[in-house]
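Presented below is the structure to which this report refers.
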Amino acid sequence: ALGRRLLETALGRLKAGGVAVHSVCSLEPEEGPQTVRRAIRRMPDVGIRMEERLLPVAGRRDGGYVAVLRRRG
Numbered sequence: 003a004l005g006r007r008l009l010e011t012a013l014g015r016l017k018a019g020g021v022a023v024h025s026v027c028s029l030e031p032e033e034g035p036q037t038v039r040r041a042i043r044r045m046p047d048v049g050i051r052m053e054e055r056l057l058p059v060a061g062r063r064d065g066g067y068v069a070v071l072r073r074r075g
């Protein structure tokens with residue numbers, strides 16, 4: 003819930019054409035894609051430009067999720 007509120011606040015402050023990145027060090031859907039979709043559902047002028055689920059690679063990186071969001075206009 004906190005992550006979604008933070009994202010919604012950030013998206014609400016974007017100017018037209020502005021870009022925000024949501025990135026988490028978790029593979030849990032409720033912290034990544036579900037948070038993004040719930041936030042943009044309330045903001046029809048914000049869309050997903052790119053999103054990627056990053057799987058862990060032993061000894062190189064942890065898993066995670068990243069989405070680039072843009073306010074239209």
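In terms of the working numbering, the sequence shown opens at residue 3 and continues consecutively.
Cβ atoms here follow ideal geometry from the backbone N, Cα and C, with glycine treated the same way.
C-alpha gap between residue i and residue j, whole angstroms
i   : j   : result
I42 : E10 : 8 Å
R74 : A12 : 15 Å
E54 : L8  : 20 Å
R44 : R6  : 11 Å
P35 : G61 : 25 Å
G66 : P31 : 10 Å
Backbone secondary structure at residue i - three-state DSSP
i   : result
G14 : helix
G5  : helix
R73 : strand
A60 : coil
R51 : strand
Cβ-heavy atom distance, residue i to the ligand FMN, below 7 Å
i   : result
A41 : Absence of the ligand FMN from the depicted structure is noted, as is the absence of any ligand whatsoever, leaving it without description.
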